[in-house]
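Q: Going from the sequence shown to this note's numbering is simple: count from 1 and add 626.
No residue lacks a Cβ here, since even glycine has one placed at the ideal position from N, Cα and C.
One structure follows; several queries about it will come next.
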Amino acid sequence: MNTIAIAGKEVPRLGLGTMRLTGPGTWGEPADPADAIALLRTAVDDLGVLHIDTADAYGPHTVEELIRHALHPYSERLLLATKVGMVRPTPNVWKPLGRPEYLRAAVEASLRRLGTERIDLCYLHRVDPAVPLADQVGELEDLRTEGKIGSIGLSKVTPEQIREAAALVTVDAVQNCLNAAEPDDPALAYCLANGTPYVPYRPLNAGLLPDPAAALRWLLDLDPLVAPIPGTANPAHLRALFAPAT
627 MNTIAIAGKE VPRLGLGTMR LTGPGTWGEP ADPADAIALL RTAVDDLGVL
677 HIDTADAYGP HTVEELIRHA LHPYSERLLL ATKVGMVRPT PNVWKPLGRP
727 EYLRAAVEAS LRRLGTERID LCYLHRVDPA VPLADQVGEL EDLRTEGKIG
777 SIGLSKVTPE QIREAAALVT VDAVQNCLNA AEPDDPALAY CLANGTPYVP
827 YRPLNAGLLP DPAAALRWLL DLDPLVAPIP GTANPAHLRA LFAPAT
């Protein structure tokens, strides 16, 4: 498996998404937290996964804590990415909240849950339309300057939003939905033209694609800047996804 440089770290292009390591509705703990911890350790220690993607909204907070229990102290080679800027009133409900003071509080809380002094890559989980984008990415840039985050990413954004943000800060990664069943995202062309790593979430269309290996190969063949993050809570599925890449 070839590699990609994201947020200053060279990692295999196939990373692990962790949204499935929660209860139903992306809410609360998984049925067996010990199994989730074991899966994370298997991914990193046995299968060579070096890009772990999570968010404070997964649970909420649950998966960041599982990652700390499973992988702390973190290897210097591990790229740990999280996302802030979404609140979870109830299961299956997601709402953007991009007020600068909230984003700062969210990053500080993620640092404590993850047990680290710096987050390698912190995404703005969603652009809050009620807050100027300049204020949202500006707060993340302040946190980067302070050394609390290493790099800034954007999630579920348009080319226009990327362009606006990139005029103010360095955008080190974009994470949007892309898979063989949902193959059209104009942000992809923008990222490839500008040399920005593109991280497809939901690369297997939530498990609906019949051939996961082919679905991942389709994404990997698009461009060396494309770095999918498939997710699973099933150990056998994990090995099927990642063993060929080791």
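Measuring straight from C-alpha to C-alpha, what distance separates V954 and V753?
A: Lying before the first or after the last residue shown, residue 954 is absent from the chain, which here runs from 627 to 872.
Q: Provide the residue span of the alpha helix (DSSP H) that contains D661, from first to last.
A: Translated into the one-based positions of the sequence shown, residue 661 becomes position 35. From DSSP, the alpha helix (DSSP H) with D661 extends over 659 to 667.
Q: State the start and end residues of the unbroken beta strand (DSSP E) segment that holds V710.
A: To locate residue 710, count along the sequence shown from 1; it is residue 84. Taken as a continuous stretch (DSSP letters only), the beta strand (DSSP E) holding V710 covers 705 to 710.
Q: For the alpha helix (DSSP H) containing A799, name the first residue and the last one.
A: Position 173 of the sequence shown holds residue 799. Where A799 is concerned, there is no enclosing alpha helix (DSSP H), although the beta strand (DSSP E) it sits in stretches over 797 to 803.
Q: Considering only the alpha carbon of each residue, which of G711, Q801, L804 lies closest to V763?
A: The count along the sequence shown starts at 1 and reaches residue 763 at position 137. Looking at the Cα atoms, G711 is the closest of the given residues.
Q: Assuming S781 and D746 are in contact, meaning their beta carbons sit under 8 Å apart, how far apart are those beta carbons, in whole angstroms?
A: Position 155 of the sequence shown, counting from 1, holds the residue named residue 781. Position 120 of the sequence shown, counting from 1, holds the residue named residue 746. Actually they do not touch by this definition, with Cβ atoms about 15 Å apart.
Q: Between which two residues does the beta strand (DSSP E) holding V733 run?
A: One-based indexing of the sequence shown puts residue 733 at position 107. That residue, V733, is in no beta strand (DSSP E); its alpha helix (DSSP H) goes 726 to 740.
Q: Just to check, is the beta-carbon of A791 closer than 7 Å to a non-hydrogen atom of the ligand SAM?
A: This structure lacks the ligand SAM, and indeed carries no ligand of any kind.
Q: Apply the 10 Å Cβ neighbour rule to E727 and answer buried if 16 or more other Cβ atoms are within range, or exposed otherwise.
A: Here residue 727 refers to the residue found at position 101 when the sequence shown is read from its first residue. E727 should be labelled exposed.
Q: Classify P638 as helix, strand or coil using the three-state DSSP reduction.
A: For this step, residue 638 is matched to residue 12 along the sequence shown. Strand at P638.
Q: Under a three-way DSSP split, which group does Y816 fall into?
A: For this step, residue 816 is matched to residue 190 along the sequence shown. Reduced to three states, the DSSP call for Y816 is helix.
Q: Who are the near neighbours of A841 in its chain, counting only those whose CB is closer than 7 Å to its CB and skipping five residues on each side?
A: In the sequence shown, the residue the question calls residue 841 occupies position 215. Cβ neighbours of A841 beyond the five flanking positions: N805, A806, P829, L830, L835.
Q: CA-CA distance, T652 and E790?
A: The sequence position of residue 652 within the sequence shown is 26, counting from 1. The sequence position of residue 790 within the sequence shown is 164, counting from 1. Roughly 31 Å separates the two Cα atoms.
Q: Would you list the residues sitting across from W653 in a DSSP beta bridge?
A: Within the sequence shown, numbered from 1, the residue matching residue 653 stands at position 27. BP columns for W653 point to G685.
Q: Using 10 angstroms around the beta-carbon of P686, count the other beta-carbons present and answer buried if the total reaches 16, otherwise exposed.
A: To locate residue 686, count along the sequence shown from 1; it is residue 60. Buried, since its Cβ has 16 or more Cβ neighbours within 10 Å.
Q: Look up E743 in the DSSP assignment and say whether it is helix, strand or coil.
A: Here residue 743 corresponds to residue number 117 of the sequence shown, with the count starting at 1. E743 falls in the coil class under three-state DSSP.
Q: Check whether the Cβ atoms of V675 and A669 lie closer than 8 Å to each other.
A: To locate residue 675, count along the sequence shown from 1; it is residue 49. To locate residue 669, count along the sequence shown from 1; it is residue 43. Yes, they are a contact pair.
Q: Please check the pair A799 and G779, which I expect to be a contact at CB under 8 Å, by giving their CB distance rounded to whole angstroms.
A: Within the sequence shown, the letter at position 173 stands for residue 799. Within the sequence shown, the letter at position 153 stands for residue 779. Right, the Cβ-Cβ distance comes to about 4 Å (below 8 Å), so this counts as a contact.
Q: Here's a check: name, in chain order, each residue in its chain whose Cβ is nearer than 6 Å to the Cβ of L814, leaving out the five neighbours to either side.
A: Taking the first residue of the sequence shown as position 1, residue 814 is located at position 188. Sequence-distant Cβ neighbours of L814 in its own chain, meaning closer than 6 Å and more than five residues away, are Y824.
Q: Whose C-alpha, out of G741, P809, C817, A707, is nearest the C-alpha of A792?
A: As a first step, residue 792 must be located in the sequence shown, where it is residue number 166. Checking every option, the nearest Cα to that of A792 belongs to C817.
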